[in-house]
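K.L.:
Quick one: this structure, given as structure tokens, is what I'll be asking you about.
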Amino acid sequence: MKNKIIILLILILPLILSGCFNKAGDQQQAEPVVSYDIYTQEAVPGGGYKVKYPSTWEVAESATGKFEEFNDITTFKASDQEEIQVKIFTTDQAEALLEPYNIESESQTQIDSRLANDYLVQDLDNEGQRWHLISIINGDYLYLLMSNALGSSDFENFINDFNFLEYQEQEPATENSSNDFKIKLYFDDLNQENSDCLPHIYQEVIIQKPEVEIGLIPVAIKALIQTSSLEDLAEQNLSSAISINTRLLSFGYENNTAIVNFNNELNVGGGSCLMAMRRGQIEKTLKALNEVSGLQIKDVEIQVEGESETALQP
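Numbering (numbering that gives the first Met the number 0), first residue to last: 0 to 313.
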């Protein structure tokens, strides 16, 4: 009996020492929890911004002297390889902003639901140094967000967590000021033979300017749908291929592409010519916004219930 006990101990002792009977050893180590801080720039007269960033980052403020009342450069050191900066300028400095750089590519994106210019540039003073720059105007100031690490997920998260504080106008608007202006809505001209199934005539309507220019996208689409149901279209010998039951579900704007997502009514009925007319009305109406705003819409992605491949198929 003693021999059996000794043999059993010899067999299980290495297992005990190796931790096979340690339940804690079987458990995966928990991922480290990332803590965050909030940086707030409230010194900007009439505005400012706040942004969430990892607590491990180093933050430093500095001033160029062009603003006596506040620091205009904030540097976030994400790592030894990446540095993110937020610089503040007055809007009249916008043209000179990119003079130190050679622009490799230019597009548009959104920050805090506002229109922003997106650049990849090369620093002319430091050959080989490339930056990802984003410029955006808020009130009387222009903000430049920049990272020296192209394609950085940290910079992408930084942009998504960047928000402007509510901007207070320094001077009240005059009583005669108006936010109303005209946009173009495109339709089919029944007075002319249409061989290409595209809209070639527009009707101007007056809308109220939204707070941010990206808001022009849903305003224009909703106006196009609503105007399509008006009886005076027939009186003007105009026609719309868009059903009055069509609804805009969501929209977006990224890299000079307007994204509009409709309900399934947009796909209902009609052959290839009708679908081409619908697409043409939407695309031309949205691209016409470039004429009255800072938008630079080059492409339009049309979706139905979130799908672009099945949208407007005959």
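Positions of the beta carbon are idealized from the N, C-alpha and C atoms, including for glycine. Predicted model only: the values in this text are computed from it and were never measured.
Taking the alpha-carbon positions, what's the VAL303 to LEU265 distance?
P.N.:
7 Å
K.L.:
With TYR48 and PHE163 assumed to form a contact (beta carbons below 8 Å), what rounded beta-carbon distance in angstroms separates them?
P.N.:
5 Å
K.L.:
Excluding sequence positions up to five away, which residues of its chain have a Cβ less than 6 Å from the Cβ of GLU174?
P.N.:
For GLU174, the predicted structure reports a pLDDT of 44, less than 50, and the residue's modelled location is therefore unreliable. The matter cannot be settled from this model.
K.L.:
Assuming ASN147 and GLN128 are in contact, meaning their beta carbons sit under 8 Å apart, how far apart are those beta carbons, in whole angstroms?
P.N.:
7 Å
K.L.:
Given a threshold of 16 other Cβ atoms within 10 Å of its Cβ, counted over all protein chains shown, does THR90 qualify as buried or as exposed?
P.N.:
exposed
K.L.:
Comparing C-alpha positions only, which one of ASN255, ALA233, ILE37, ILE206 sits nearest to ILE220?
P.N.:
ILE206
K.L.:
Tell me whether the beta-carbon of THR284 lies closer than 9 Å to the beta-carbon of LYS183.
P.N.:
In contact: THR284 and LYS183 (Cβ atoms closer than 9 Å).
K.L.:
Under DSSP, the beta strand (DSSP E) around GLU155 begins and ends at which residues?
P.N.:
It is not in any beta strand (DSSP E) - GLU155 instead sits in the alpha helix (DSSP H) that spans 152-159.
K.L.:
Counting only runs that start and end within the region 196-264, where is the beta strand (DSSP E) found for 3 or more residues in a row?
P.N.:
Counting whole runs of 3 or more residues, the region 196-264 contains the beta strand (DSSP E) stretches 200-207, 247-253, 256-261.
K.L.:
Just confirm the distance between the C-beta atoms of LEU273 and PHE261, as a whole number of angstroms; I'd bet it's less than 8 Å.
P.N.:
About 15 Å; that fails the 8 Å criterion.
K.L.:
Tell me whether LEU8 sits in a helix, a strand or coil according to DSSP, three-state version.
P.N.:
With a pLDDT of only 49 at LEU8, under 50, the local geometry of the prediction cannot be trusted, and the value read off the model is given with reservation. In this structure, LEU8 counts as helix in the three-state DSSP scheme.
K.L.:
Pick out whichever of GLN107, TYR38, LEU97 has its Cα sitting closest to the Cα of GLU123.
P.N.:
Contrary to the premise, residue 123 reads as Leu rather than Glu in this sequence. Selected option, being the one with the closest Cα: LEU97.
K.L.:
So for GLN169, helix, strand or coil by DSSP?
P.N.:
In this predicted model, GLN169 has a pLDDT of only 48, less than 50, meaning its place in the structure is not dependable enough to derive any value.
K.L.:
Would SER292 be called buried (16 or more neighbouring beta carbons within 10 Å of its own) or exposed?
P.N.:
For SER292, the number of other beta carbons within 10 angstroms of its own is at least 16, and it is reported as buried.
K.L.:
Return the Cβ separation of ILE87 and VAL43 in integer angstroms, given the expectation that the two are a contact with Cβ distance under 8 Å.
P.N.:
Cβ-Cβ separation between ILE87 and VAL43: approximately 7 Å, consistent with a contact (criterion under 8 Å).
K.L.:
Between the region 210-225 and the region 234-254, can you find at least three pairs of beta-carbon atoms closer than 8 Å?
P.N.:
Contact holds: three or more Cβ-Cβ distances are below 8 Å.
K.L.:
Assuming contact is defined by CB atoms lying nearer than 9 Å, are ILE258 and ILE243 in contact in what I supplied?
P.N.:
No, the Cβ-Cβ distance between ILE258 and ILE243 is not below 9 Å.
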